[in-house]
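Only one structure is covered here, and it is reproduced in the block below.
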Amino acid sequence: MEGLPRGGPAAARAPGGPRGDRRPVRGRGPAPVVAAAGRSVTRTLLLQRHGRTADNAAGRYQGQADTPLDRTGREQARRAAPLLAGLRPDAVVSSDLARASATAREVGDLLGVGVLTDARLREVHMGQWQGRLRSELAGDPRWADTLAALRSGEDPRRGGTGETLAECVVRVGEAVEEHLRGIDEGGTLLVVGHGLSTRALVASRLGLTQSSLGPLGNTRWAQVTIGGSGWVLDAWNVGVEGV
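According to our numbering, the sequence shown holds residues 1 to 243 in order.
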């Protein structure tokens with residue numbers, strides 16, 4: 001698991017397309033990229049979560065542990081790839097962790113482009129929670145205060161020695177914005193990463209809480225338009241039906 005609840009927000013079917021929540025949400029975000037003539041540059045950002053791993057299936061915190069896709073995860077990545085390739089991303093970037101880079105390569109192979117990996121796109125570090133079951137932690141009195149803080153909407157350091165979401169958002173945001181600068185006006189960037197870090201980034205840019213966005217399922221993605229008005233969330237938790 002990525003530190004997120006199971007399931008997802010109410011899904012609305014897009015005619016002829018994948019399922020997901022497609023209600024536009026606007027936010028401020030960082031200052032838009034400005035062209036030489038003073039015009040703001042509009043780009044599309046696709047943020048996909050990796051396919052399932054055995055740890056996801058077991059309910060185990062992964063954080064930055066380098067766990068591979070399981071058989072279901074590989075199938076999820078294979079089925080989602082044609083839809084994402086059909087959106088014609090100009091570049092594909094992923095976390096350097098195996099579960100993300102393997103998911104990204106499915107799209108890159110269809111497009112005939114290489115996948116650039118970036119360690120800044122890794123999941124939030126879960127500290128001493130990495131490798132442990134969520135159910136196991138719930139019964140451990142050492143973490144009672146930290147888990148209570150999470151439930152109340154606070155942002156404590158995960159697992160005592162890990163990261164806060166705020167720290168994670170800084171590094172992930174810097175990476176995404178850097179790669180966006182390499183995309184031409186009107187172009188599209190696909191970033192394949194992780195559930196909690198992606199949701200934290202999008203929520204921070206839109207001024208939303210984590211719970212208001214809902215989780216991002218395995219191989220599902222968000223679509224964001226970035227231009228003069230900042231970030232506009234066009235779709236959330238989009239993916240292949242049944243995956």
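No residue lacks a Cβ here, since even glycine has one placed at the ideal position from N, Cα and C.
None of these values were measured; they are calculated from a predicted model.
* Asked: Could you give the residue range of the beta strand (DSSP E) that holds valine 172?
  -> No beta strand (DSSP E) holds valine 172; the alpha helix (DSSP H) holding it covers 165 to 180.
* Asked: Which value, in whole angstroms, describes the spacing of the CA atoms of serine 204 and arginine 181?
  -> For serine 204 and arginine 181, the gap between their C-alpha atoms comes out near 20 Å.
* Contacting residues, own chain, Cβ-Cβ under 6 Å from valine 224 (five flanking each side not counted) -> If you ignore the 5 residues before and after valine 224, its C-beta comes within less than 6 Å of the C-beta of Leu45, Trp231, Leu233, all in its own chain and listed in chain order.
* Asked: Which of helix, strand or coil does DSSP assign to aspartate 118?
  -> It is a strand residue.
* To do: Measure the CB-CB distance between threonine 188 and leucine 216 and report whether it falls below 7 Å.
  => In this structure, leucine 216 does not lie closer than 7 Å to threonine 188 by Cβ.
* **Residue closest to tryptophan 221, alpha-carbon to alpha-carbon, out of Gly207, Ser211, Ser229, Leu190** => Of the listed residues, the one whose Cα sits closest to tryptophan 221 is Leu190.
* Asked: Could you check where the alpha helix (DSSP H) with arginine 49 kicks off and where it finishes?
  -> For arginine 49, no alpha helix (DSSP H) run applies; the uninterrupted beta strand (DSSP E) run containing it begins and ends at 43 to 49, by DSSP.
* To do: Going by CA-CA distance only, name the one from Ser229, Gly227, Gln62 that's closest to arginine 132.
  => Nearest to arginine 132 by alpha-carbon distance, out of Ser229, Gly227, Gln62, is Gln62.
* **glutamine 130 - DSSP class collapsed to helix/strand/coil** => Reduced to three states, the DSSP call for glutamine 130 is coil.
* To do: Figure out for me which residue from Leu111, Gly153, Thr219, Thr161 has the closest Cα to the Cα of glutamate 75.
  => When only C-alpha atoms are compared, the closest one is Thr219.
* Opposing strand residues paired with alanine 222 [DSSP bridges] -> Alanine 222 is bridged to Leu47.
* Asked: Roughly how many angstroms lie between the CA atoms of aspartate 145 and aspartate 90, to the nearest whole one?
  -> Their backbone Cα atoms lie some 45 Å apart in a straight line.
* Asked: How many whole angstroms separate the CB atoms of histidine 258 and serine 95, which I take to be in contact at a CB cut-off of 8 Å?
  -> A query on residue 258 cannot be resolved here, the shown segment of the chain reaching from 1 to 243 and no further.
* Asked: If you compare alpha carbons, which of Leu83, Val238, Met126, Arg134 is closest to leucine 111?
  -> Considering only alpha carbons, the answer is Leu83.
* Taking the alpha carbon of glutamate 167 as the point to measure from, which residue in Leu196, Glu178, Ala148 has its own alpha carbon closest? -> Answer by Cα proximity: Leu196.
* With a threshold of 16 other CB atoms inside 10 Å of the CB of arginine 52, please say whether the residue is buried or exposed. => Here arginine 52 is buried: its Cβ has 16 or more other Cβ atoms, across all protein chains shown, within 10 Å.
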